[in-house]
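Chains as they are written, first to last, in our numbering: chain A, 2 to 342; chain B, 2 to 342; chain C, 1116 to 1731; chain D, 1116 to 1731. Quick reminder that beta carbons are idealized off the backbone N, C-alpha and C, glycines included. Here the structure is a predicted model, which is why all the values come from computation and not from measurement. All remarks here apply to the structure that follows.
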Amino acid sequence: MENEVKVEGLSKKDFTVTNPVKWCAGCGGFSILSSVQAALPEVTEKKENVVFVSGIGCSSRFPYYINTYGFHSLHGRAMAIASGIKTANPKLDVWMVTGDGDSMAIGGNHFIHLIRRNININLLLFNNKIYGLTKGQYSPTTPKGSKTKTSPEGTIEDPFNPGELTLGAQGTFFARVLDTDPKMMKEVFLQAAKHKGTSIVEILQNCVIFNNQVHADITGKEVKDEHTIYLEHGKPMIFGNERDKGIMMGKNFKLEVVKLGENGITEKDLMIHDAYNPDPTIHFMLTRLARPEFPMALGVIRQFELEPYEILLEQQVKSAMAATKIKTMDDLLCSPGVFEI
Amino acid sequence: MENEVKVEGLSKKDFTVTNPVKWCAGCGGFSILSSVQAALPEVTEKKENVVFVSGIGCSSRFPYYINTYGFHSLHGRAMAIASGIKTANPKLDVWMVTGDGDSMAIGGNHFIHLIRRNININLLLFNNKIYGLTKGQYSPTTPKGSKTKTSPEGTIEDPFNPGELTLGAQGTFFARVLDTDPKMMKEVFLQAAKHKGTSIVEILQNCVIFNNQVHADITGKEVKDEHTIYLEHGKPMIFGNERDKGIMMGKNFKLEVVKLGENGITEKDLMIHDAYNPDPTIHFMLTRLARPEFPMALGVIRQFELEPYEILLEQQVKSAMAATKIKTMDDLLCSPGVFEI
Amino acid sequence: MTKQTKVIELEEVVVKFAGDSGDGMQLTGTQFSDSSAMFGNDLSTFPDYPSEIRAPQGTIAGVSGFQVHIGHKEIATPGDLADVLVAMNPAALKKYLTSVKIGGTIIIDIDNFDNKSYKKAEYSDDPLSDGSLNGYTIVKAPISSLTLATVNDMNLGIDNKTADKTKNQFVMGMLYWLFNRNMNDGIEFLKKKFSKKPVLVDANIEVLKAGYNYAETIEAMTTTFMVSPLDRKGKFRNITGNVATAWGLIAASERSGRPLFLGSYPITPATEILQELSARKHMGVKTFQAEDEIAGICSAIGASYTGHLAATSTSGPGLALKSEAIGLAVITELPLVVVNVQRGGPATGLPTKPEQADLLQALYGRNGESPCIVIAASTPANCYDYAYMAAKLSVEHMTPVILLTDGYLANGSELMQVRPVSEFPEIKPRIVKDNDTEYKPYLRDAETLARSWAMPGQEGLRHRVGGLEKSNITGEVSHDPFNHEDMVVIREEKVQRVADYIPEQTVIGEDKGELLVVGWGGTYGALISAVQDLQKEGRKISLCQFNYIKPLPKNVDKIFSRFDKIVVCELNLGQFKQYLQSQYPKYDYLQFNKVQGLPFLISELKEKFYQILEEK
Amino acid sequence: MTKQTKVIELEEVVVKFAGDSGDGMQLTGTQFSDSSAMFGNDLSTFPDYPSEIRAPQGTIAGVSGFQVHIGHKEIATPGDLADVLVAMNPAALKKYLTSVKIGGTIIIDIDNFDNKSYKKAEYSDDPLSDGSLNGYTIVKAPISSLTLATVNDMNLGIDNKTADKTKNQFVMGMLYWLFNRNMNDGIEFLKKKFSKKPVLVDANIEVLKAGYNYAETIEAMTTTFMVSPLDRKGKFRNITGNVATAWGLIAASERSGRPLFLGSYPITPATEILQELSARKHMGVKTFQAEDEIAGICSAIGASYTGHLAATSTSGPGLALKSEAIGLAVITELPLVVVNVQRGGPATGLPTKPEQADLLQALYGRNGESPCIVIAASTPANCYDYAYMAAKLSVEHMTPVILLTDGYLANGSELMQVRPVSEFPEIKPRIVKDNDTEYKPYLRDAETLARSWAMPGQEGLRHRVGGLEKSNITGEVSHDPFNHEDMVVIREEKVQRVADYIPEQTVIGEDKGELLVVGWGGTYGALISAVQDLQKEGRKISLCQFNYIKPLPKNVDKIFSRFDKIVVCELNLGQFKQYLQSQYPKYDYLQFNKVQGLPFLISELKEKFYQILEEK
Ligand SMILES: Cc1ncc(C[n+]2csc(CCOP(=O)(O)OP(=O)(O)O)c2C)c(N)n1
Ligand SMILES: Cc1ncc(C[n+]2csc(CCOP(=O)(O)OP(=O)(O)O)c2C)c(N)n1
Ligand code: SF4
Ligand code: SF4
Ligand SMILES: [Mg+2]
Ligand SMILES: [Mg+2]
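Rendered as structure tokens:
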């Protein structure tokens, strides 16, 4: 709780707390928190308007670690609570923090419905591919075959890909970032904040305790540039340590990794990332790019503007209010159907 | 309940009931029921092995109308109950009947998880785009703008497309059929039954009372052949009253409707439907084909074989049982950790 | 048109309309009710829908009924038995014959009484000739054929199917005559109803008149009835419990200055609350049709955090699903109105039938020590008052309130007198001022123990709420053992102190006597009718009908102590009795329970009371 | 090595291990327990995890503790206060100092006691010099540095971080010496534990020895303790409540011939049941880690329909979510074991702390009249027995059973004597034979009222079950009012008749007297300890600890009637008291409640009992 005097011009400090942040030393959460705090001053005008809503999980402790209004709710229900907050008061900047279990195990239904309704909420999905807070059971994003506390012989379930699920649920914004890359996180958080509609940002987060290095093949310093591709709207799809590789549409509508300069291939042959394309098909393909054949796609994969739910509702309310003669409860009580004796 | 003598060789009659079917006269449910009863003898060997599980809704009354084992459960929970049935006893032929509300509103989470786990269940989704049993509120598949009892000014939510949602959830089988076409239904139900894994069959069903003619633009006798395309694996994508139209991959990876014979286009230029393609991208496009630009895709859109959950689990159980010396509870009690005093 | 027939003056009359789901009996019933209300009668109605949407035509499962009880005196229930039954087909007759008083009048559409229809209705013999109708006045009217003839004669180009749909106006016409009513009301009603389809106005009016004339002409009906208006003045509306609940919330929103938000998921018999509020956007109401009950309540909790008057509406299975989230509202100490329209359980149970078996769930159905205020409405119209009170207590005491109604109140209707909203008690939400430097999230009012309400967007009040135990005053997460105990006790005490802010329990009748009848919620109509009948006979019996359940009013012990016997009457196995037993263990509670998915009959109650009074 | 020190013989000793989450204190505690058990002591343990996974090092929030109580006599609780505390850092000392007996021994790792660490532990002064430790025996051992030195001297190429992790063996070595134990046990243990990493075996053994030698050498420890073995024979295991629960279900599965299926979703403190059963595929167990609690229970209901012994495990918030589905099991009359490991509520509450506040939820937390059998385990080891009984009653009476345990039983451990499964009562599921022409889905056993179990795949028994009210005997959907009432009554009666199949309630102590202490579930250990202490002093006090809650055993009234006073002791606001009040209203129940997320202390119970016995 804050009892301080207001200062003009927000800075990161406005969003930091003095209480200790109680994640494990080395948890990916720290850098995400710091990137969020760095991004907020650039996207919000009144710090009082910012609300962070979370469910239950390690990641969901987030609201305690950021100096804004906050709601640490129930496991899986943050999407529904945030929907209520934003629908009730569209002026607020509503952010959500959730884990892979919180959003896609118990919270899966609210997750897809939030996305379908396209309520203007920025959802940060800490995907550590494990249940952290309950100490290491597999989650809906745990890679098939993983041995965890509840899968001693390896899991037998194919994981969700949050990007595919988002698009399958009519998502208007999906991005993927790494907890190891603060610059990328900040950039993407800013875009998520600006997007009108539900923004899903999957953050590949490391859990040092129960799933250490699960993203190492993507985030490792030595491999990152070779194993990922950072997508930017309007730019050709180039990646690699030497920025000498690219992605091209090949035969049979399959994407291909190509080497620039080889076989006469130049930048012009590469796909240009069109995040704004209303048709999600290519975005669907991009969210699916997977190692070892492909680099994993990072950045804003899809961003399609569509009037959000809470604005449409507010419009209906406003026009209904403008059109009626029944303005007060007394009017309503005396509206047609009443009779006097 | 049946107390009759067993006869060899099953027929449709084995699955009919004498109790009255209590749907409204003209409800799309009747023809679906009849098509299911016609298909069953061809896919099951022991009628005792067939179980129909449903949630709550008009559609979910189905188990009372078919002579098999049945479970009319709770609103939205049939997916979870059926998962338990099939996982516990993989020998059973487990079918599910659900509505658009039952499966995608309250049951949305179980729906996507059933699909992700790929449990071998045949799910018949009666999509009448309305809540029938509760008398006409909008559902997650109701077209945006529809006026219903709870949306007097029109809905402001974009609907789910069950096909897209299925693919976004890692679906291995998705098909779409019309309640007005018993032949198509039977054909597709047979394929769904044969598929090992979760088969989602979306049935465009008419609700005469609360959403009459919602599918008329697709199912209407006069328009059906022009407004739909029936996809068959390995066959070119042709449709139209005169079967003179087709679907081609156009520029920028967009599908196009073309006329055979015009601009030199022949069958060979058309897309060949590849339902077995492991990559779901084209299937994703196909589930999205929408009027008026495109015909709606019917038939089996995706069918990709992947060992189902219950089989993998059974394998783990069997190999664990084979590998252990601890076979009985007494063994377990005396296993390492025990000490004698 | 001078009348040749005898007119009987009646204090009250019960009419039941019954036919196939498609026959428009709900509409006819409502039309008859409205016209009675305008005429000045008091009334109470209850519809009886089949559980299938449209079960096969002509079958008993497909019969839809509507009962209306009108009076020259105050009417408390839709009535035990009908004086007049309109049965549009044999199935309707079969289903409801036992609901008609011996000697009552039964109007049937004779056109539908043939062997085929008997079979569908599972009659083995012709009921018109097997003697089963002896003792009733049977009016065999060719309703369908005369309707068709009337419409066809008009040459309006109306097809037969549409023409057939006007037959309910034929019935109305007959009833206008039977009850000596002025047909102009009916004509005005039809003009309004079909204003967009003038052909239908004409056809319906003509059929209405035909029915009237037919009734006047035939000799079967030699007596007509007159139920004179009550001697009361004012504005009234005929309102169902669900609409009244919705309106009570709107009224509370207006008076508290907090905009109304409803998060809900459709479920019988609560759906109309969502439907009614969805149609009230013009009052600034926002409704959120959620993907399930959990999202319904959670969205409301979110809205409450932003300072809205937040509510969620459901029925038993939905309340079960909301259990965990109600606990969240309890521990975050946010206001929230949870309306539970009870139906038959367990599980899906009997979804279209009323029952009172969710009481213990409302009181105890949550993990941990998780106290809520629990109140219950007792008539369709006072759903308005108790919805208002639920909202008031919730925002003033910063804790969730569960409002219990039931399918009987929800779908039933009665006349509600229109009172200006200003006559209702003020509602004062505990909103914090911006930049209040004293603000602490869990600082409490010394009297009520309620914390204050600070909402996102307000300057200088940033704070967090959540489901983990909170430190009193500061609101920080706390695992301190003593703080937890304090908070558990405070949350309970806060609810108990609400007893200082609710009216004392009233007793209807003498405040001492031989038998105190105790009821709660929707059984009021039947209980008061039965008790007053016995009181008129001089019996020392009184009624104590509870609306405030947790906390109980402060004077309960005093009331109970003054009666020789107490009988708790409920539509369950004895849940309120069990609760009273635990709160006031020193009394012996007799009980009378019914779990049939049906309301109490006045007659069965009286029988029970006689029996108790006689056992000495 | 001859000892110069004094050896004190003790009946019992409580040792507490405390350090940072990373210090391995849980492991050390378990190792010490196992070695005590092998030595022949009885024991009881309890871990105390922080609620964060790894809160910042050195802070109080990051302290992880493990308490073990060993004895030459039977041990019922992990003990109120510790005789010996091992505190690896100042935070551990600060958190647990008040949990040490005055005069107790405190072993600290002096290497971690510096100003920086004091600050993290929120000490303003140096606790070693501010007098706060007066009255305790403080052993300042340089545990970290000696460990490092020992390992480094071995030149095994082990890095410092890994070396540091062996320091818990240094502590173990000191305790072996302190308790006059044979170090070979410890050496064997380490050989097994690190069998895959031989370097670590050597290092750990060396550190263990170093600790032993250090303890022997220094003069700070002049007395050692000896807790002699119990005089009992047999096979034993040290088992936690959660593992015992899992095993009880496996045993019931074996005895009933019904394969075991668990549908569950992880939740503290119930997760280990799912984990344990997931690791028991070799016993034919199938586990289904569901997407949420609702899918967990629903998958189990599906499995039950196929004839499996089906169970679901959870904690309070999960039980709330399962409410609706439990009702489905009630109305379909399918067997199902619902294990609820209680934790602090409401809402998320205090997830890692034990509480007994889900009792009323278990009894009443469902819509409609929805009776379940409710039973509770009372010690970690008897979770095995009650899980077994839950399964037995469920399949024999065809109705769901809720088994209540709590976080204290679940994570705590004690010695369980191994008994052959054949000594447990038989379990006879009511399975129908194929083609049984008499079969009707809701035909009932005359004695128990249980229906039979016919499963898909069986010939000639096709039928349907579901959540709508069913006709008795035939099982068809029925809206008949009287059938509904019958079924509501039958379902309740079926549960009540279980009273004929459970043991009578036992009284520990005289069967009459001045004070009857009543408890239920996990408070047994503390209550029996306190009551027996008073009994030894000749007080007329007895204990009645309930395991069967609904229905209650048949002889409760008889027991209660023989005592002057009854006090109900619970870790909630009085839920069992309230239930007893409603079942046996004629008694005055005193109550003693604690809602601090902590178990009862024996001392506070005794104080309360003295007080009650004195108030005449
Ligand atoms: C209703 C309910 N069910 C289960 C839990 C237990 N629980 C808390 S967090 C969690 C999963 C956390 O995983 P994730 O969402 O991935 O978050 P992480 O800890 O990995 O950040 C579970 C199962 C709970 N608190 N409430
Ligand atoms: C827990 C719960 N919530 C709500 C309901 C009410 N309900 C029953 S069916 C239904 C929706 C039905 O729609 P759909 O699944 O599309 O089936 P349809 O009737 O259209 O076939 C609803 C909301 C219920 N029975 N249980
Ligand atoms: S357990 Fe994993 S996710 Fe949780 S705080 Fe620790 S490192 Fe982070
Ligand atoms: S309401 Fe609609 S979906 Fe339901 S039975 Fe009638 S026609 Fe079919
Ligand atoms: Mg996670
Ligand atoms: Mg539907």
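What does DSSP give as the partner residue(s) for D:Ile-1568 in the beta ladder?
The sequence shown places Trp at residue 1568 of chain D, rather than the Ile named in the question. DSSP output for D:Trp-1568 lists D:Ile-1546 as bridge partner(s).
Under 7 Å: does the beta carbon of D:Ile-1446 sit that close to some heavy atom of ligand 2?
For ligand 2, not one heavy atom lies less than 7 Å from the Cβ of D:Ile-1446.
Please classify D:Cys-1487: does DSSP put it in a helix, a strand, or coil?
Residue state, collapsed to three classes: coil.
So with CB distances below 9 Å, who are the chain D contacts of B:Val-339?
Within 9 Å Cβ-Cβ: Lys-1350, Phe-1351, Arg-1352 and Val-1533.
If the criterion is Cβ atoms closer than 8 Å, does the pair B:Met-286 and B:Asp-270 meet it?
Result no, Cβ atoms of B:Met-286 and B:Asp-270 do not sit closer than 8 Å.
What is the DSSP secondary structure of B:Glu-5, reduced to helix, strand or coil?
Bear in mind that the predicted position of B:Glu-5 carries a pLDDT of just 45, short of 50, making it too unreliable to give a figure here.
Between which two residues does the beta strand (DSSP E) carrying C:Pro-1515 extend?
First-last of the beta strand (DSSP E) with C:Pro-1515: 1515-1521.
For C:Leu-1449 and C:Ala-1415, what's the separation of their Cα atoms in angstroms?
Taking the straight line joining both Cα atoms gives about 10 Å.
Output, in chain order, the set of chain C residues within a Cβ distance shorter than 9 Å of B:Tyr-139.
Those within 9 Å of B:Tyr-139 in chain C are Gln-1404.
Label B:Thr-142 either buried or exposed according to how many other C-beta atoms from any shown protein chain fall within 10 Å of its C-beta, with 16 as the threshold for buried.
Buried.
By the three-class DSSP mapping on this structure, what secondary structure does C:Leu-1434 have?
Three-state result, C:Leu-1434: helix.
Just to check my reading of the structure: D:Gly-1144 and D:Val-1183 have Cβ atoms closer than 8 Å, yes? What is that Cβ distance to the nearest angstrom?
That pair is a contact at about 6 Å.
Work out the CA separation of C:Gly-1186 and C:Val-1266 for me, nearest whole Å.
Roughly 34 Å separates the two Cα atoms.
Give the secondary structure of A:Gln-304 by DSSP, where H, G and I count as helix, E and B as strand, and everything else as coil.
It is a strand residue.
Take B:Val-54 as the anchor and find which of B:Thr-17, B:Thr-88 and B:Thr-99 has the nearest alpha-carbon.
Among B:Thr-17, B:Thr-88 and B:Thr-99, the Cα nearest to that of B:Val-54 belongs to B:Thr-99.
Residues of chain A with CB under 8 Å from C:Ala-1366, in chain order?
Those within 8 Å of C:Ala-1366 in chain A are Met-330.
With C-beta atoms as the reference, is D:Asn-1662 less than 8 Å away from D:Ser-1528?
No, the pair does not count as a contact, with Cβ atoms beyond the cut-off.
C:Tyr-1420 touches chain A at which residues, Cβ-Cβ below 7 Å?
Here the neighbours are Phe-72 and Ile-86.
From C:Thr-1638 to D:Val-1592, what distance separates their C-alpha atoms?
In a straight line, the C-alpha of C:Thr-1638 is about 27 Å away from that of D:Val-1592.
Find the residues of chain A that neighbour C:Arg-1583, judging by a C-beta separation of less than 8 Å, and give them in chain order.
Looking at the sequence provided, one finds Leu at residue 1583 of chain C rather than Arg. Those are His-73, listed as they occur along chain A.
Which residues mark the beginning and the end of the beta strand (DSSP E) in which C:Asn-1353 is found?
Where C:Asn-1353 is concerned, the enclosing beta strand (DSSP E) stretches over 1350-1355.
Give the single residue among B:Glu-203, B:Phe-63 and B:Ile-82 whose Cα lies nearest to the Cα of B:Gly-300.
Measuring from the Cα of B:Gly-300, the nearest candidate turns out to be B:Glu-203.
Quick one: what does DSSP say B:Pro-309 is sitting in, helix, strand or coil?
Coil.
Give the straight-line distance between the Cα atoms of A:Glu-46 and A:Pro-296, rounded to the nearest whole angstrom.
Answer to the nearest angstrom: the Cα atoms are 37 Å apart.
Work out the CA separation of D:Pro-1571 and B:Met-2 for me, nearest whole Å.
Summary for B:Met-2: the model assigns pLDDT 43, below 50, so the residue's position carries little reliability, and this model does not support an answer.
Using a threshold of 7 Å, is the CB atom of B:Phe-63 nearer than that to any non-hydrogen atom of ligand 4?
The answer is no for B:Phe-63.
Mapping the DSSP letters down to three states, classify C:Leu-1720 as helix, strand or coil.
Three-state result, C:Leu-1720: helix.
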